[in-house]
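Sequential numbering from 1 applies to the sequence shown in the UniProt record's numbering.
By construction, the Cβ of each residue, glycine as well, lies at the ideal position given by its N, Cα and C atoms.
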Amino acid sequence: MEREIYMDYAATTFIKPEVLEEMNPYLTQYFGNPSSIYHISRKTKAAVDIARDRIASAINSRGDEIYFTSGGSEADNWAIKGIAFANKDKGNHIITSCIEHHAVLHTCEYLEDQGFEVTYLPVNEQGIIKIDDLKNAITDKTILVSIMFANNEIGTIEPIKEIGEICREKGIIFHSDAVQAVGNVPIDVKDMKIDLLSMASHKFYGPKGMGALYVRKGIKIHNLIHGGAQERARRAGTENVAGIVGMGKAVELAAQNMKNESKRLESLRDKLIGGLLKIPGARLNGAVGDKRLPGNVNISFEDIEGDVLLMSLDSLGVCASSGSACSAGAIEPSQVLLSIGLSKEMAKGALRLTIGSRTTEEEVDYLLEVIPSIIERIRKNRM
Ligand SMILES: *Cc1c(COP(=O)(O)O)cnc(C)c1O
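So this is what it looks like as structure tokens:
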């Protein structure tokens with residue numbers, strides 16, 4: 001059999017067998033609409049409520065603060081547009097960072113067209129926003145701060161609790177895109193003073209097209225999807241019951257395994273980073289230690305086109321990424337890498353390897369064996 005090494009867990013994950021097993025009955029046997037009142041519907045409604053509670057307990061919220069969505073993008077869109085439109089009598093200013101996912105950045109750009117003003121905070125060379133920049137950006141018109149929990153390209157974890165405390169003190173609503181963080185690092189929305197938090201099931205071994213938005217009790221938000229009275233009349237549409245069940249099981253598994261799994265991934269991550277940095281002209285993008293997601297490796301190589309490197313790796317059965325999957329195909333260098341101070345050339349020479357539950361030490365060793373010679377060959381061919 002041909003070798004297959006998947007190192008793109010930040011783009012998406014497979015569904016764990018235990019997750020699929022819990023989903024299956026809700027695709028075939030218990031297919032009732034949760035809004036109906038007969039017995040198979042009572043069963044589906046109960047399953048949705050259990051999943052809601054599992055997700056709530058993973059972030060220390062209440063079940064009635066969790067709203068299911070079609071994924072991370074919808075959660076981000078809803079949080080930002082919903083808060084902006086519900087609070088436009090109070091002000092029109094939004095603060096975010098320049099390294100957010102497109103689901104946040106493009107939503108903010110849309111709102112700029114609608115008359116809102118957006119400040120895009122810069123980041124330092126590790127990809128961390130400066131707290132003083134945030135404090136200085138706040139005006140009496142600021143209604144929302146949206147800062148991601150952890151970055152999808154370089155794995156940098158932002159100072160979320162500090163941001164939350166500043167926002168709460170000033171009475172500004174704080175949203176965090178935690179799509180890369182949920183299931184990988186501990187999250188406590190109460191302790192971190194987060195008002196809204198986006199998540200996506202397919203980033204932690206649940207099904208695709210499934211996400212959730214946490215909205216703290218009492219926060220005023222407009223609907224994004226109008227229609228029926230599902231999700232306490234805040235998000236219309238017949239529930240994706242199997243997806244919801246899968247997301248609930250996946251988050252529960254992630255919480256149970258988090259301590260051990262993050263230790264294991266950190267040690268594989270650091271072995272990969274250490275080995276790749278021995279290659280001449282290599283540089284690590286992002287932060288080190290506990291300011292970096294356990295499964296993220298992002299290295300730039302001088303005189304290398306990331307896409308050429310990716311094709312060579314693909315021919316060996318290795319799935320990796322050069323920037324974020326969402327912008328693959330775009331010729332422009334990654335905005336995130338430019339924001340942390342890389343030249344266009346070094347940004348284009350980036351390789352992102354994101355590891356996860358099926359990653360083994362043998363796979364890491366194999367990559368450390370083949371990448372140096374691939375790089376050497378590509379550089380030779382350029383000359
Ligand atoms: C994947 C991702 C999203 C988008 O989630 P989808 O479920 O694919 O819509 C948003 N933000 C971040 C940080 C992501 O990594």
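Return helix, strand or coil for I299, following the three-state DSSP convention.
-> Start at 1 with the first residue of the sequence shown, and residue 299 comes out as number 299. DSSP places I299 in strand when its eight states are reduced to three.
Beta carbon of G164: closer than 8 angstroms to some heavy atom of ligand 1?
-> Your numbering for residue 164 matches position 164 in the sequence shown. No, Cβ of G164 sits at least 8 angstroms from all heavy atoms of ligand 1.
Terminal residues of the alpha helix (DSSP H) in which R42 lies | Taking the first residue of the sequence shown as 1, we reach residue 42 at position 42. First-last of the alpha helix (DSSP H) with R42: 39–58.
Would the C-beta of M23 count as close to ligand 1, meaning under 8 angstroms from any of its heavy atoms?
-> Within the sequence shown, the letter at position 23 stands for residue 23. No - ligand 1 has no heavy atom lying nearer than 8 angstroms to the Cβ of M23.
For the alpha helix (DSSP H) that G317 lies in, which residues bound it at each end?
-> The count along the sequence shown starts at 1 and reaches residue 317 at position 317. Premise fails: G317 is in no alpha helix (DSSP H) and is neither H nor E.
Around the C-beta of residue 392, are 16 or more other C-beta atoms found within 10 angstroms, so that it is buried, or is it exposed?
-> The structure shown does not extend to residue 392, since the chain spans only 1 to 383, so no value can be given for it.
Element boundaries [alpha helix (DSSP H), containing T107] | Here the question's residue 107 lines up with position 107 in the sequence shown. Looking at the DSSP string, the run of the alpha helix (DSSP H) that includes T107 is 102–113.
With DSSP as the reference, please indicate the residues paired to S146 in a beta bridge.
-> As a first step, residue 146 must be located in the sequence shown, where it is residue number 146. Bridge partners of S146: T96, H175.
Nearest-angstrom beta carbon gap, S201 and G243 [assumed within contact, 8 angstroms] | Counting from 1 along the sequence shown, the entry for residue 243 is found at position 243. Counting from 1 along the sequence shown, the entry for residue 201 is found at position 201. Contact flag correct, Cβ pair sits at about 7 angstroms.
Using 8 angstroms as the cut-off, classify the Cβ of S343 as near or not near the heavy atoms of ligand 1, replying yes or no.
-> Numbered from its first residue, the sequence shown carries residue 343 at position 343. For S343, the Cβ stays outside the 8 angstroms cut-off from all heavy atoms of ligand 1.
S334 and E153 closer than 9 angstroms at C-beta = Here residue 334 refers to the residue found at position 334 when the sequence shown is read from its first residue. Here residue 153 refers to the residue found at position 153 when the sequence shown is read from its first residue. By the CB criterion at 9 angstroms, S334 and E153 fall inside the cutoff.
Which word fits R54, buried or exposed, when buried means at least 16 other C-beta atoms lie within 10 angstroms of its C-beta?
-> Taking the sequence shown and counting its residues from 1, the one referred to as residue 54 is at position 54. Answer is buried; the Cβ neighbour count reaches 16.
Distance between P294 and S324 (C-alpha atoms, nearest Å) = In the sequence shown, counting from the first residue as 1, residue 324 sits at position 324. In the sequence shown, counting from the first residue as 1, residue 294 sits at position 294. Per-residue confidence for S324 stands at a pLDDT of 46, beneath the threshold of 50, marking its modelled position as unreliable; the derived number appears in the next sentence. Cα to Cα, the separation comes out at about 17 angstroms.
What are the residues that DSSP puts in a beta bridge with F68?
-> Start at 1 with the first residue of the sequence shown, and residue 68 comes out as number 68. Paired residue(s): A212.
The stretch 70–82 touching the stretch 96–110, judged by at least three CB pairs closer than 8 angstroms | yes
Who are the Cβ neighbours of M1 in its own chain at under 7 angstroms, not counting the five residues just before and after it?
-> As a working mapping, residue 1 is identified with position 1 in the sequence shown. Since pLDDT at M1 reaches only 47, below the 50 mark, its modelled position is unreliable, and no value is offered.
In terms of residues, what are the limits of the alpha helix (DSSP H) holding V364?
-> Translated into the one-based positions of the sequence shown, residue 364 becomes position 364. Run containing V364: 361–382, per the alpha helix (DSSP H) assignment.
Through-space distance from S373 to F68, alpha-carbon basis | Sequence index remark: in the sequence shown, residue 68 carries index 68 (1-based). Sequence index remark: in the sequence shown, residue 373 carries index 373 (1-based). For the pair F68 and S373, the Cα-to-Cα distance works out to about 46 angstroms.
Could you spell out where the beta strand (DSSP E) holding A200 opens and where it closes?
-> Counted from its first residue, the sequence shown places residue 200 at position 200. Segment 196–200, the beta strand (DSSP E) holding A200.
State yes or no: is the C-beta of D8 nearer than 8 angstroms to some heavy atom of ligand 1?
-> Along the sequence shown, read from residue 1 onward, the residue named residue 8 stands at position 8. Result no, Cβ not under 8 angstroms from ligand 1.
When the Cα of K220 is compared with those of Y30, A86, N296, F31, which residue comes out closest?
-> Working through the sequence shown from its first residue, we reach residue 220 at position 220. Ranking the options by Cα distance to K220, first place goes to A86.
So what's Y205 in DSSP terms, helix, strand or just coil?
-> Translated into positions along the sequence shown, residue 205 becomes position 205. In the structure shown, Y205 sits in coil (DSSP, three-state: anything other than H, G, I, E or B).
Host alpha helix (DSSP H) of D139 (start-end) = Counting from one through the sequence shown, the residue named residue 139 turns up at place 139. Residue 139 is actually Thr in this sequence, not Asp. If you look at T139, you'll find it isn't in any alpha helix (DSSP H); DSSP assigns it neither H nor E.
Taking the C-alpha atoms as reference points, what is the distance between T119 and T13?
-> Along the sequence shown, read from residue 1 onward, the residue named residue 119 stands at position 119. Along the sequence shown, read from residue 1 onward, the residue named residue 13 stands at position 13. Distance between the alpha carbons of T119 and T13: 33 angstroms.
To the nearest whole angstrom, what separates the beta carbons of L367 and V318, a pair I think is in contact under 8 angstroms?
-> One-based indexing of the sequence shown puts residue 367 at position 367. One-based indexing of the sequence shown puts residue 318 at position 318. About 7 angstroms separates the two Cβ atoms, so the contact holds.
Label E109 either buried or exposed according to how many other C-beta atoms from any shown protein chain fall within 10 Å of its C-beta, with 16 as the threshold for buried.
-> For the purposes of this step, residue 109 is taken as residue 109 along the sequence shown, with counting starting at 1. It is exposed - the Cβ of E109 has fewer than 16 other Cβ atoms within 10 Å.
Taking the C-alpha atoms as reference points, what is the distance between F204 and L265?
-> Taking the first residue of the sequence shown as 1, we reach residue 204 at position 204. Taking the first residue of the sequence shown as 1, we reach residue 265 at position 265. Approximately 14 angstroms between the Cα atoms of the pair.
Does DSSP classify G289 as helix, strand or coil?
-> In the sequence shown, residue 289 corresponds to position 289, counting from 1. Reduced to three states, the DSSP call for G289 is helix.
Ligand 1 site residues, beta-carbon cut 5 angstroms against heavy atoms = G71, G72, S73, H101, A103, N152, D177, V179, Q180, A200
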